[in-house]
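Reading through the structure tokens given below for one structure.
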Amino acid sequence: GCTFGKRCLKVKETGKFAFTLGSPSTGRAVRVVLRPGILSRSGEAFLDLMEKVANGEASAEEREQFYDQQESLMQYILNAPAEELFNIQKAKLDPTPRGFAFRFTCCDNCGEEFLSVNAHRVGDKVLCPACFGAL
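Here it is, written out as structure tokens:
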């Protein structure tokens with residue numbers, strides 16, 4: 010299967026509704042991107058309501074209204090042809106490095122242990138990816 014442990018599942022948080030699916034053995038892949046306007050087809054008021062529900066700020070009446078409106082969007086997504094929902098194009102798969110390295114390092118900033126291959130050096134400090142990204 011496709012798991013983080015096998016390094017077959019990689020997440021790059023970009024805020025996009027886009028996925029690259031492929032075969033590590035062949036390097037062949039496709040990029041699947043949600044077409045613009047699919048999630049906003051129910052209008053700005055629906056998006057505002059979705060934010061309120063997601064942030065725990067909606068009243069019981071607003072939650073009920075949201076779930077009623079969400080049903081039609083879900084049915085559209087479940088029943089529409091893939092070509093109507095997604096742009097699909099050939100892509101290249103980034104090669105997965107072979108072998109595993111099980112050496113650990115302790116972050117000089119947060120004190121948490123992490124895989125050494127992910128270390129970032131800043132001056133004389135060794136930082137984990139999270140602390141390095143917070144700079």
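Residue numbers (my numbering): 10 to 144.
All C-beta atoms, glycine included, are put in the ideal place defined by N, C-alpha and C.
In this structure, A110 lies away from V131, with their beta-carbon atoms at least 8 Å apart.
Taking a cut-off of 8 Å for Cβ pairs, the segment 76-89 and the segment 48-59 touch, as three or more such pairs fall below it.
Close CB contacts of A100 within its chain, under the 8 Å cut and outside five residues either way in sequence, are with T29, G31, A38, V39, R40 (chain order). By alpha-carbon distance to N96, the top candidate from E22, A27, L18 is A27.
Going by DSSP, C115 is part of the beta strand (DSSP E) stretching over 113-115. Counting the other Cβ atoms within 10 Å of the Cβ of C116 gives 16 or more, which makes it buried. Taking the Cα of L18 as reference, the smallest distance to any Cα among P33, A143, Q74 is reached at P33. Going by DSSP, V42 is part of the beta strand (DSSP E) stretching over 37-43.
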